[in-house]
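Read the structure below first, then the notes.
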Amino acid sequence: MAPRILVVDDEPMVRALIARALTDEGYQVVSVANGRAALEAARAADGGFNLIVTNNYMPGLNGAELIARVREDFPDLPILHIDDITRKRARQELPDDIPTVYKPFSVATLREAVRKLLAG
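Each residue of the sequence shown is one higher than the one before, counting from 1 in my numbering.
Okay, here's the thing in structure tokens:
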């Protein structure tokens, strides 16, 4: 069975790009627009997710807050953080073991980061 990935981004075009890039690689992708929806999806997912790909700056529950809450419920779930290159200070809000891919990124860069995280 293909790995299941939860994609979280409030920008519809970015969310669609990420989802398409991962779906084309054979992953099962669920996309949501904000941190609250992501937390609900993670908690409700039958069979769970193998990875979360999340933006940081979103209305409501932001990426750093989402990561903290996900870690409480799913401490071993890999997470990939995505952020704008101009916001490197957001890195300081995250645990050291959360890798970041900075926008703009290539599809190849995204896919490689996902492969590494899923491989452990």
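The C-beta atom is built at its ideal place from N, Cα and C for all residues, glycine as well. In this text, all values refer to a predicted model and were calculated from it rather than measured experimentally.
Beta-carbon proximity check, residue i vs residue j, cutoff 8 Å
i	j	result
L77	V70	yes
G35	M58	yes
L80	A113	yes
A64	L94	yes
P27	I52	First, the amino acid is wrong: residue 27 is Tyr here, not Pro. No. Outside cutoff.
V107	A21	yes
Residues near residue i by beta carbon distance below 6 Å, same chain, minus five either side
i	result
V32	V8, A38 and A41
K103	D84
Member of the options whose CA lies at the smallest distance from the CA of residue i
i	options	result
D10	A113, R111 and N56	N56
D96	T23, L6, A68 and P3	A68
D73	F49, T54 and L118	F49
G47	A16, T54, A19 and M1	M1
L17	P75, I82 and L66	I82
R115	E25, P75 and I98	E25
Delimiting residues of the beta strand (DSSP E) encompassing residue i
i	result
D84	I79 to D84
I5	R4 to V8
S31	Q28 to V32
Cβ-based neighbour list, residue i, same chain, cut-off 8 Å, excluding 5 preceding and 5 following
i	result
T23	V29
L118	P3, N50, L51 and P78
Residue range of the alpha helix (DSSP H) that includes residue i
i	result
I67	G63 to D73
L94	Per DSSP, L94 belongs to no alpha helix (DSSP H) and is neither H nor E.
A45	No alpha helix (DSSP H) holds A45; DSSP gives it neither H nor E.
E112	V107 to A119
Spatial neighbours of residue i in its chain, beta-carbon cut-off 7 Å, leaving aside the 5 residues before and after
i	result
A19	V7, V29 and S31
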